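A.B. asks:
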């Protein structure tokens, strides 16, 4: 099939926007050219260009179709309007039944014509997150667009962006592009194919593919670091960003002055990364090395000496600023920063950071004994966890919150476990981040995340669709990972309720409507009172259950990502919502193991058959609930099933109470034989209404026995 190559050449595009823009362009291009393009084109992008290359048919003919028109005898005006709409004449109309029908022939679509027709509108409406206008045109682009290259099957496809009186800077598609601004100049060159394009750019010092630029940068820095017995601190995000800043990457090494090597390595790495896009190096044992890597966008004539020297001067100034904040912050104890948090707003409806610190202290003290942590240390760590937000270093580099608190706590003589908890309480920050494991750190991390979840849920600031401005999904996944990876037996419902009562709105000291109308209204309906003797009012229990549902949904998302049976978790949670995630997962695992056996699979099929029968019959004269009458069990298989269900139901309940989930599933699996015999030998809808009703009740008891383990209807398959 003919090859299509399109490039949009502009001034420098922000690195963070390039990949998304290229993907959006390819998706929109496939949609616009759908009649001739079956698969999305491949994206290429760099600092000054967004490109797409793919295959499309040269031409296609659409099938003819019928268009039904007005009724026979309709006014002439109606018929004329129909003909104008479709560009037809009366001679093309035929009579079919009571209507005029127009037979429209198929159309031949030419690729070049389709491109020229669709591309101008696509580019004029391109969805940049931020764009600009220049000159007198209304056309907007992320940076001034300079050229459009469009080549199909080796030939240019001309089209212009002009619209009405707006000439759009005279931009029109051709077969020309440019190479590196400095190393190749601005002289354009012609392109006929992707191979021609990539070869021509490489000859003019441009690597078109972002992934290849990443490989060049990574391999080059690794080679330079290994030459000095060092290694690069991994940073995929920085690697991708730098690949979006350079067209012809040339890695170089610089030196850090020894005077700055006593700074925390996180401070040096953050300064280099955030301000300068430098790569940090380290020794094999993890110690920071007095070296850094930069990536030049030109081939230096002096081997890079001038470039390296200039960047060393810049870094020296940056690290001097960091030194100033480091020395200034350590002149006072970490606790002395706390008063400043009383004037820092956490959220307009949830109070200040100072108020949040008080809540974290209380909640960490509640959680500490539940996770094996020292209550006093957990309370102390929670008190100091947010103090570094008022420090100069975190004010300059917000990425270092928690990290600097740990250093300042150790400098002030705090217990190492307190310092560790301060540094770890934000974790995990993402899927690849480790969770805290030391008990004090676990207590504070859970308190931080549960306070965040409880507060924002209570004021109805919950995630909606893809929007999650307060990172509540991440907080929920953090709670789940901390519990799962540490094997914590933690009753979340009571902890969530305690988190709710940490807010002043929950104790009636401020107007409840400020805490979310839905929560306030339902609380008052429930006869809300502050908790006494560890008992929570109905609305608080309902609130905790709602947040537990959210956590359970996040758990299912996580299991789905891991390739596990998330439907089984939904089934177990549906039978008996459980606030002990470890127990919930153990029960789910036992159910999954049973369903993986032939007996389990057949029992699931039998359940669905029984449930379908009950659903149909309940619509007629149900519900068919209540005890089974043994005297009406005429056939042997139904007596056997009744005895088996009665025996197994009691055994399952006892096993569940003892948390012997595998035992419960093994007992449940023994129902397979009597269930098979029942369906093989017994007619449920007997002509005798008493026998029919009794057998339906028997099926209901079978479903109830299985539903005690899980809401089996939610299990897929």
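Residue numbers (the numbering used here): 1 to 717.
The beta-carbon is built from N, C-alpha and C at its ideal position, and this holds for glycine as well.
These numbers come from a predicted model, not from an experiment.
Sorted by chain position, which residues of the same chain lie with C-beta nearer than 6 Å to residue 22's C-beta, five sequence neighbours on each side aside?
C.D. replies: Walking along the chain shown from the start, residue 22 turns up at place 22. Contacts found: 43, 45, 50.
A.B. asks: Between which two residues does the alpha helix (DSSP H) holding residue 104 run?
C.D. replies: The count along the chain shown starts at 1 and reaches residue 104 at position 104. Note, residue 104: premise wrong, no alpha helix (DSSP H); beta strand (DSSP E) at 99 to 104.
A.B. asks: Could you give the first and the last residue of the continuous alpha helix (DSSP H) run that contains residue 353?
C.D. replies: For the purposes of this step, residue 353 is taken as the residue at position 353 of the chain shown. It spans 353 to 367 - the alpha helix (DSSP H) in which residue 353 sits, taken as one unbroken run.
A.B. asks: Mind pulling the alpha helix (DSSP H) runs of 4 or more residues that sit fully within the segment 165 to 203?
C.D. replies: Correct list: 194 to 203.
A.B. asks: What does the Cβ neighbour count give for residue 449, buried or exposed, with the cut at 16 atoms within 10 Å?
C.D. replies: In the chain shown, residue 449 corresponds to position 449, counting from 1. Counting Cβ neighbours within 10 Å, residue 449 comes out buried, since at least 16 surround it.
A.B. asks: With DSSP collapsed to three states, give me the class of residue 473.
C.D. replies: In the chain shown, the residue the question calls residue 473 occupies position 473. If DSSP states are grouped into helix, strand and coil, residue 473 belongs with the helices.
A.B. asks: Compare the C-alpha of residue 662 against each of 593, 632, 88 and name the closest.
C.D. replies: As a first step, residue 662 is located in the chain shown; it is residue number 662 there, counting from the start. Nearest C-alpha to residue 662: 593.
A.B. asks: For residue 710, which residues from the same chain have a beta carbon less than 6 Å from its beta carbon, with the 5 sequence-adjacent residues on both sides left out?
C.D. replies: Numbered from its first residue, the chain shown carries residue 710 at position 710. 571, 572, 575, 591.
A.B. asks: Look up residue 151 in the DSSP assignment and give the residues it is bridged to.
C.D. replies: Translated into positions along the chain shown, residue 151 becomes position 151. The partner list for residue 151 (beta bridge, DSSP) reads 5, 156.
A.B. asks: Closer than 8 Å: is that where the CB of residue 175 sits relative to any heavy atom of the ligand GTP?
C.D. replies: Because no ligand of any kind appears in the structure shown, any question about the ligand GTP cannot be addressed here.
A.B. asks: Rounded to the nearest angstrom, what separates residue 78 and residue 70 at their Cα positions?
C.D. replies: Looking up residue 78 in the chain shown gives position 78. Looking up residue 70 in the chain shown gives position 70. So the two alpha carbons sit approximately 7 Å from each other.
A.B. asks: Is residue 407 helix, strand or coil when you go by DSSP?
C.D. replies: For this step, residue 407 is matched to residue 407 along the chain shown. Helix at residue 407.
A.B. asks: Spell out the partners DSSP gives residue 279 in its beta bridges.
C.D. replies: For the purposes of this step, residue 279 is taken as the residue at position 279 of the chain shown. Per DSSP, 293.
A.B. asks: From 494, 318, 630, pick the residue whose C-alpha is nearest to that of residue 544; which is it?
C.D. replies: On the chain shown, position 544 is the one that residue 544 refers to. The residue with the shortest Cα to Cα distance from residue 544 is 494.
A.B. asks: Reducing DSSP to helix, strand and coil, say where residue 163 ends up.
C.D. replies: As a working note, residue 163 is residue 163 in the chain shown. It is a strand residue.
A.B. asks: Residue 568 and residue 715 look like a contact to me (Cβ under 8 Å); what is the Cβ gap, rounded to whole Å?
C.D. replies: As a first step, residue 568 must be located in the chain shown, where it is residue number 568. As a first step, residue 715 must be located in the chain shown, where it is residue number 715. The pair is a contact, with the Cβ atoms about 6 Å apart (cut-off 8 Å).
A.B. asks: Assuming residue 479 and residue 446 form a contact by the criterion Cβ under 8 Å, report the distance between their Cβ atoms to the nearest whole angstrom.
C.D. replies: Stepping through the chain shown from its first residue, residue 479 is reached at position 479. Stepping through the chain shown from its first residue, residue 446 is reached at position 446. Their Cβ separation, rounded to whole angstroms, is 6 Å, which keeps residue 479 and residue 446 in contact under 8 Å.
A.B. asks: Along the chain, where does the beta strand (DSSP E) that runs through residue 110 open and close?
C.D. replies: Position 110 of the chain shown, counted from the start, is the residue given in the question as residue 110. Note, residue 110: beta strand (DSSP E), 108 to 110.
A.B. asks: In the DSSP assignment, find the beta strand (DSSP E) that holds residue 51 and state where it starts and stops.
C.D. replies: Within the chain shown, residue 51 is the residue found at index 51, counting from 1. First-last of the beta strand (DSSP E) with residue 51: 49 to 55.
A.B. asks: Counting along the chain, where does the beta strand (DSSP E) carrying residue 46 start and finish?
C.D. replies: Here residue 46 corresponds to residue number 46 of the chain shown, with the count starting at 1. 42 to 46 is the span of the beta strand (DSSP E), which, as asked, contains residue 46.
A.B. asks: Tell me the DSSP secondary structure of residue 533 in three-state form.
C.D. replies: Taking the first residue of the chain shown as 1, we reach residue 533 at position 533. Per-residue confidence for residue 533 stands at a pLDDT of 40, beneath the threshold of 50, marking its modelled position as unreliable; the derived number appears in the next sentence. Of the three classes helix, strand and coil, the one that applies to residue 533 here is coil, per DSSP.
A.B. asks: For residue 404 versus residue 418, is the C-beta spacing smaller than 9 Å?
C.D. replies: On the chain shown, residue 404 is found 404 positions in, with the first residue counted as 1. On the chain shown, residue 418 is found 418 positions in, with the first residue counted as 1. No, they are not a contact pair.
A.B. asks: For the candidate residues 37, 86, 130, whose alpha-carbon lies nearest to that of residue 114?
C.D. replies: Position 114 of the chain shown, counted from the start, is the residue given in the question as residue 114. Comparing Cα-Cα distances from residue 114 to each of 37, 86, 130, the minimum goes to 37.
A.B. asks: Considering only the beta carbon of each residue, do residue 677 and residue 640 sit closer than 9 Å?
C.D. replies: Along the chain shown, read from residue 1 onward, the residue named residue 677 stands at position 677. Along the chain shown, read from residue 1 onward, the residue named residue 640 stands at position 640. Yes.
A.B. asks: Using beta-carbon positions only, say whether residue 176 and residue 147 come within less than 9 Å of one another.
C.D. replies: Counted from its first residue, the chain shown places residue 176 at position 176. Counted from its first residue, the chain shown places residue 147 at position 147. Going by C-beta atoms, residue 176 is nearer than 9 Å to residue 147.
A.B. asks: Classify residue 132 as helix, strand or coil using the three-state DSSP reduction.
C.D. replies: Along the chain shown, read from residue 1 onward, the residue named residue 132 stands at position 132. It is a strand residue.
A.B. asks: Going by Cα to Cα distance, which pick from 502, 293, 274 is closest to residue 309?
C.D. replies: For the purposes of this step, residue 309 is identified with residue 309 of the chain shown, where counting begins at 1. The shortest C-alpha separation from residue 309 is found at 293.
A.B. asks: By how many angstroms is the C-alpha of residue 624 removed from the C-alpha of residue 704?
C.D. replies: One-based indexing of the chain shown puts residue 704 at position 704. One-based indexing of the chain shown puts residue 624 at position 624. So the two alpha carbons sit approximately 12 Å from each other.
A.B. asks: From the DSSP output, in three-state form, read off residue 653 for me.
C.D. replies: Here residue 653 refers to the residue found at position 653 of the chain shown. DSSP places residue 653 in helix when its eight states are reduced to three.
A.B. asks: Does the segment 205 to 216 touch the segment 245 to 261, meaning 3 or more C-beta pairs lie closer than 8 Å?
C.D. replies: Touching, yes, given that three or more Cβ pairs across the two stretches are closer than 8 Å.
A.B. asks: Measure the beta-carbon distance from residue 60 to residue 41 and round it to whole angstroms, keeping in mind my assumption that it falls under 8 Å.
C.D. replies: As a first step, residue 60 is located in the chain shown; it is residue number 60 there, counting from the start. As a first step, residue 41 is located in the chain shown; it is residue number 41 there, counting from the start. With 8 Å as the limit, residue 60 and residue 41 do not qualify as a contact, their Cβ atoms being about 17 Å apart.
A.B. asks: Touching or not, the segment 250 to 263 and the segment 189 to 205, by the rule of three or more beta carbon pairs under 8 Å?
C.D. replies: Because the criterion of three Cβ pairs below 8 Å is not met, the segment 250 to 263 and the segment 189 to 205 do not touch.
A.B. asks: If we count Cβ pairs, one from each stretch, closer than 8 Å, do we get three or more for the segment 209 to 219 versus the segment 182 to 189?
C.D. replies: Segments in contact, no.
A.B. asks: For residue 387 versus residue 334, is the C-beta distance shorter than 9 Å?
C.D. replies: The residue labelled residue 387 in the question sits at position 387 within the chain shown. The residue labelled residue 334 in the question sits at position 334 within the chain shown. For residue 387 and residue 334, yes; Cβs fall inside 9 Å.
A.B. asks: So, residue 241 versus residue 16, is the Cβ gap smaller than 9 Å?
C.D. replies: Within the chain shown, residue 241 is the residue found at index 241, counting from 1. Within the chain shown, residue 16 is the residue found at index 16, counting from 1. Cβ atoms of residue 241 and residue 16: closer than 9 Å.
A.B. asks: Would you mind reading off the limits of the alpha helix (DSSP H) that contains residue 693?
C.D. replies: One-based indexing of the chain shown puts residue 693 at position 693. Here the alpha helix (DSSP H) through residue 693 covers 689 to 707.
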